[in-house]
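S.K.: Under mature numbering (1 follows the signal peptide of the UniProt record, and there is no 0), residues -28 to -1, 1 to 96 are what the sequence shown spells out, in order. All residues carry an ideal CB built from backbone N, CA and C; glycine is no exception. Have a look at this one before I ask anything.
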Amino acid sequence: MSFAKIFAAIAIPGAALAALAAPGTASADPLPGETPFSIEETYGKASGYKSLSGARGTVTDKGGDGRGTTFTVAWYQLINGQYVLKDVDNVTAPDGQSVDFTEYPDVNGSVFVANWNPHSLSLA
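This is the structure in structure tokens:
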């Protein structure tokens, strides 16, 4: 692979991560490649945008039960034809509160672009 192709492969995800890390982006319009998501249960909800290089949004706990609400996103990479779990991020909103989040797939601080990223909502 040529140096130009390697640089391009690094520069594009880096630009997306910089945009994801920008303050105040949790409720902003989607960035290129992002799709909106929304999960709502009786105890809480999570909504925002996600792509294979990051997720951002807000987790809200509806309160009244003394427990929080946790949003989980799992980041998988396709390795030798198998999806391998590489990272899991959890964001918890305390009882009756909301938390903005920005998460991205990384292993020991090394960011990667995932091939699959299912998400879920649960009681904390």
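Which same chain residues, not among the five before or five after Leu57, have their C-beta less than 8 Å away from its C-beta?
M.R.: Excluding residues within five positions, the ones whose Cβ falls inside 8 Å are Ala46, Trp47, Tyr48.
S.K.: Check for me: the beta strand (DSSP E) holding residue 144 runs from which residue to which?
M.R.: Past the edges of the chain, shown from -28 to 96, lies residue 144, and the structure says nothing about it.
S.K.: Just to confirm, is the Cβ distance from Thr14 to Leu93 under 8 Å?
M.R.: No, the Cβ-Cβ distance between Thr14 and Leu93 is not below 8 Å.
S.K.: Which residues mark the beginning and the end of the beta strand (DSSP E) in which Leu3 is found?
M.R.: Note, Leu3: premise wrong, no beta strand (DSSP E); not H, not E.
S.K.: Whose C-beta lies closer than 7 Å to the C-beta of Gly53 among residues of the same chain, with five residues either side of it excluded?
M.R.: Around Gly53: no qualifying Cβ.
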